Structures are given as C-alpha cells and as structure tokens.
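All you need for the working numbering is the position in the sequence shown, starting with 1, plus 564.
Note sheet for the following structure.
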Amino acid sequence: LAVRPPASDGSAALFLSSRGTRVTPRVVQHRLKGHALKAGTPVHVHPHVLRHSFASHLLQSSGDLRAVQELLGHASITSTQVYTALDFQHLAAVYDQAHPRAKAK
C-alpha cells in the first residue's frame, strides 16, 4: 500500500481505478463476476460470498468463534454464529475420527 499512489480525492480508499478514483461496489461486483465466469465457477459469486468463505474456513480451521467475530467486525456474537453451520462432509469426518463405532480409520 505504501507504493500505491494516493486517491485523487485524498481519501484512504483501498481500491482505485486507473484514474486514481475510488472503485465503486458495482465495479467490484462486475469484475468479480467476470473472473468467476472465466474460472468456470458453478455458483453465482459476489463479494459477500468471499467474506462468507473466509469466515467459514477460518472458523473450521481454528474453531475460535470469538476471533472470527473480531476479524469480521461483528458487534454481537450471534451475528457470527451463522458460520457455525458446518457442511455434512465435515461433520462426517469429525464423527469418523472421534466415535468408537465409526468406520475403520
């Protein structure tokens, strides 16, 4: 960020156009959609999907709901709890590793 030239309006914008102006949310959505189409992703990709994926993967790997809350900037832990809904494959893997009657490891 230190190498990047400042925004033309003097703001602390993170994403700038080639003219030095702040990139709008719509431009980010449009560019992300274009990259997703090129990559052949089977689902509709939008910026919130990236945020949701980040939170879900972080929670799955760390198990620290409070840390995820802080990183996402949620005031309430209940807002973060939506990411605790784990997929069936993950639940099955945890079961297989921990339960004495699970399939042979």
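Beta carbons: idealized from backbone N, C-alpha and C, even for Gly.
On a predicted model such as this, the values are computed, not experimentally measured, just so you know.
Tell me the rounded alpha-carbon separation between Q633 and H654. Going by the C-alpha atoms only, they are around 21 Å apart.
Tell me the DSSP bridge mates of L580? R586
What span of residues does the alpha helix (DSSP H) with Q624 cover, start to end? 611-626
Buried or exposed: where does A619 fall if 16 or more other Cβ atoms within 10 Å of its Cβ makes it buried? buried
Judging by CA-CA distance, which residue of V646, T585, P569, A666 is the nearest neighbour of Q624? V646
So the candidates are T585, P606, V567; which of them puts its Cα closest to the Cα of G574? When the alpha-carbon of G574 is set against those of T585, P606, V567, the nearest one is in T585.
Compare the C-beta of S626 against all C-beta atoms of chain D and say whether one is closer than 8 Å. No chain D appears in this structure, which consists of one protein chain only.
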